[in-house]
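Q: Have a look at the structure that comes next, please.
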Amino acid sequence: AKDCTNEAVPRMGPDGKPMEAPYVPPSMPTDESSIFEGISTGINFDKYDSIPVEVSDPKFQVPFTSFEEMGLCDLLLRNLRRAQYTKPTPVQKYAIKIALGGRDLMACAQTGSGKTAAFMLPILHTLLSDPALDNPSHREVQTPQAVILSPTRELAIQIAHDANKYAYDSILKTVLCYGGTSVGHQLSQLSRGCHILVATTGRLKDFVEKGKVSFENLRFLVLDEADRMLDMGFEPQIKKVLLDIRPDRQTVMTSATWPEGVRRLSQQYMSSPFQVFVGSLDLAAVHTVSQTIIICDESEKRSELLGFLETMQPDDKVIVFLDKKATVDYLSSDFILAGINCQSNTNGDREQCDREQALEDLRDGTVKILIATDVAARGLDIKDITHIFNYDFPRNIEEYVHRVGRTGRAGRRGESITLVTRENWRQAKELIAILEEANQEVPQELYSMATRFEAWKKKRDEERPFGDRDRNGGGGGGGFRRGGGGDRNRW
664 AKDCTNEAVP
674 RMGPDGKPME
684 APYVPPSMPT
694 DESSIFEGIS
704 TGINFDKYDS
714 IPVEVSDPKF
724 QVPFTSFEEM
734 GLCDLLLRNL
744 RRAQYTKPTP
754 VQKYAIKIAL
764 GGRDLMACAQ
774 TGSGKTAAFM
784 LPILHTLLSD
794 PALDNPSHRE
804 VQTPQAVILS
814 PTRELAIQIA
824 HDANKYAYDS
834 ILKTVLCYGG
844 TSVGHQLSQL
854 SRGCHILVAT
864 TGRLKDFVEK
874 GKVSFENLRF
884 LVLDEADRML
894 DMGFEPQIKK
904 VLLDIRPDRQ
914 TVMTSATWPE
924 GVRRLSQQYM
934 SSPFQVFVGS
944 LDLAAVHTVS
954 QTIIICDESE
964 KRSELLGFLE
974 TMQPDDKVIV
984 FLDKKATVDY
994 LSSDFILAGI
1004 NCQSNTNGDR
1014 EQCDREQALE
1024 DLRDGTVKIL
1034 IATDVAARGL
1044 DIKDITHIFN
1054 YDFPRNIEEY
1064 VHRVGRTGRA
1074 GRRGESITLV
1084 TRENWRQAKE
1094 LIAILEEANQ
1104 EVPQELYSMA
1114 TRFEAWKKKR
1124 DEERPFGDRD
1134 RNGGGGGGGF
1144 RRGGGGDRNR
1154 W
């Protein structure tokens, strides 16, 4: 017995090595200065008023013009002033009116347009106005009144921080549950009480199956970024949640686009939803972002990026988007060896603590360059991203729009730079439409690329009328500049 040291024996993994302790994320801030450190009004915020809005019911076509007019409780109004929210955005003017009326809502608006506050403020107002609201702490099974589902961990974190901000100094308890973190820690947080649960689909499913979360008292369900959820293959999990929840709940869906899958989901699982469409139903990029297209060869990409980084000003922050994790790892290592201070990426294969630290380093200015894959393209609300650099063109035009939307937030000006190669010729026509809609200059070479692709596709279909018409093209043909990697070809 005297040889016993009482030292903890580490758990061993299947490889015989000690297992790492589960990641415990930092607690959400509780002090006022940290909570309300965020986006303030941008220089172009008033331009939001000119964006057209379509509402499905004439009763709601007269919008609110101020937060005070909405009849929100005093606590929420105080916190909105602390957050420097001076006026509602178009989606908030219309959507909050509908949601406060208890109706199901489908809100479709561009990224960075204020959709989170549009659904969160009515939920908080309703809960805070309920005299029967209690403190649900120390219960083995938590029965949240509101569940907000997010497609990504990073977006879930942002939503929870926003809920914490708007509900500051109230009895409401928001709990955040997402994968890659300690299950025990999150269950401990849940046991202290939960009015609002913000979660990713996988972790919510796990806690429901464990009997730790019940939907019996649920009054509000939000599917945030529903189009992204469907893109990521979460439709079966979403349907399971919807079937398990009491039918008299109020449901809100938000989306940046309006694809068939989102329309179908709203028709099947919402009760005569009111619809709010901000801007065009066609896919469109944020108009506060200047979009620059650079036509180049694959071998010139690194030089183009380095040339851009050399022009960065001390206050600039940039997210560099790539398609593949291997390229992210290579490029970030290459830059670090070259003495360029950067963080990589928010790819799902990284440990969750590393993903969160990368974003925190960008937020607080420890680094000014984040190299990332598309998991960072939705929901990230970093207040002062000045530039987006698309090193690789995204897999579809929707992702292009969401990448661009990481800058130009809340009316601020932003700039995106996108490298386009001959391999991207099949997306040229859609990219031209996005640029023209936002009154951006279109390179003549991009028009030529689109024309060549359409001609190639027509010829292919004529020669192989019953062939595989979805097969990728082999390249954009001639007319591309070569060599001279340092020569910047901008329009």
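If you want my numbering, it's the 1-based position in the sequence shown plus 663. Glycine included, every Cβ here is placed at the ideal spot set by N, Cα and C. Please read these numbers as outputs of a predicted model, since none were measured by experiment.
(1) Would you list the one or two residues that DSSP bridges to A862?
(2) Grab me the residues of V838's own chain with a C-beta within less than 6 Å of its C-beta, minus the 5 sequence neighbours each way, in chain order.
(3) Starting from the C-beta of R965, find all residues in its chain whose C-beta is less than 7 Å away, skip the five residues before and the five after it, and write them out in chain order.
(4) Who are E717's beta bridge partners in DSSP?
(5) Which partner residues of H801 appear in the DSSP bridge assignment?
(6) Could you tell me how far apart the beta carbons of V949 and A770 are, in whole angstroms, since I believe they sit closer than 8 Å?
(7) Note down, one range per segment and in chain order, each beta strand (DSSP E) of at least 3 residues found wholly within the stretch 711 to 790.
(8) Reducing DSSP to helix, strand and coil, say where N1004 ends up.
(9) Determine the extent of the beta strand (DSSP E) in which E1078 is found, giving its start and end residues.
(10) When the Cβ atoms of the stretch 1054 to 1071 are set against those of the stretch 981 to 988, are three or more pairs found closer than 8 Å?
(11) Run through DSSP, which three-state label would N1102 get?
(12) Is it buried or exposed for N1053, if we count other Cβ within 10 angstroms and need 16 for buried?
(13) Would a C-beta distance cut-off of 7 Å place S918 and V925 closer than the cut-off?
(14) Relative to the C-alpha of P1106, which residue among L1094, E1117, F1116 is closest?
(15) Candidates L812, D797, H824: which alpha carbon is nearest G842's?
(16) With H, G and I counted as helix, E and B as strand and the rest as coil, what does DSSP make of I834?
(17) Taking the alpha-carbon of L1025 as reference, which of N1004, Y932, T1036, E731 has the nearest alpha-carbon?
(18) What whole-angstrom Cβ distance do E1061 and T955 have, given they're in contact under 8 Å?
(19) If you compare alpha carbons, which of M892, I759, E898, P689 is closest to H788?
(20) Counting along the chain, where does the beta strand (DSSP E) carrying T917 start and finish?
(21) Roughly how many angstroms lie between the CA atoms of P814 and M892, to the nearest whole one?
(22) Out of E879, Q930, F883, G847, point me to the one whose CA is closest to D869's CA.
(23) Just to confirm my understanding: we take V687, look at its own chain, exclude 5 residues before and 5 after, and list those with CB closer than 6 Å. What are they?
(24) Under 6 Å Cβ to Cβ from E717, same chain only, skipping five residues before and after it: list those, please.
(25) Which residue or residues does DSSP assign as beta-bridge partners of N1053?
(26) So, helix, strand or coil for V885, using DSSP?
(27) Whole angstroms is fine: what's the gap from L972's alpha carbon to D1037's?
(28) Write down every uninterrupted run of the beta strand (DSSP E) in the stretch 1016 to 1042 whose length is 3 residues or greater and which is fully enclosed by it, in chain order.
(29) Just how far apart, CA to CA, sit S877 and P807?
(30) As a quick exercise: from Q1015, I999, E1014, pick the residue whose alpha carbon is nearest that of K1031.
(31) In chain order, what residues of the same chain lie with their CB nearer than 8 Å to the CB of Y801, ignoring the 5 residues before and after it?
(32) For the pair the stretch 735 to 747 and the stretch 885 to 899, tell me if three or more CB-CB distances fall below 8 Å.
(33) Would DSSP call T974 helix, strand or coil?
(34) Going by the DSSP bridge assignment, what does Q931 pair with across the sheet?
(35) Note the first and the last residue of the continuous alpha helix (DSSP H) segment covering T955.
A: On the basis of the coordinates in this document:
(1) L812, C840
(2) Q852, L853, C857, L860
(3) none
(4) Answer is F940, bridged to E717.
(5) The partner list for H801 (beta bridge, DSSP) is empty, contrary to what the question assumes.
(6) The beta-carbon separation of V949 and A770, rounded to 16 Å, does not stay under the 8 Å limit for a contact.
(7) 716 to 718, 768 to 771
(8) coil
(9) Judged by DSSP secondary structure, E1078 falls within the beta strand (DSSP E) whose first and last residues are 1077 to 1083.
(10) yes
(11) coil
(12) buried
(13) yes
(14) L1094
(15) Looking only at L812, D797, H824, the smallest Cα-Cα distance to G842 is reached by L812.
(16) I834: coil per DSSP, three-state reduction.
(17) N1004
(18) With a Cβ gap of about 20 Å, E1061 and T955 do not count as contacting.
(19) I759
(20) 913 to 918
(21) 5 Å
(22) G847
(23) S845, H848
(24) The residues are F940.
(25) F984, T1081
(26) Reduced to three states, the DSSP call for V885 is strand.
(27) Distance between the alpha carbons of L972 and D1037: 20 Å.
(28) 1032 to 1035
(29) Looking at the two C-alpha atoms, the distance is approximately 7 Å.
(30) Restricting attention to Q1015, I999, E1014, the CA atom closest to the CA of K1031 is found in I999.
(31) For the sequence presented, residue 801 should be read as His rather than Tyr. S854, R855, G856, listed in sequence order.
(32) no
(33) coil
(34) For Q931, which the question treats as bridged, DSSP gives no partner whatsoever.
(35) Here T955 belongs to no alpha helix (DSSP H); instead the beta strand (DSSP E) covers 952 to 958.
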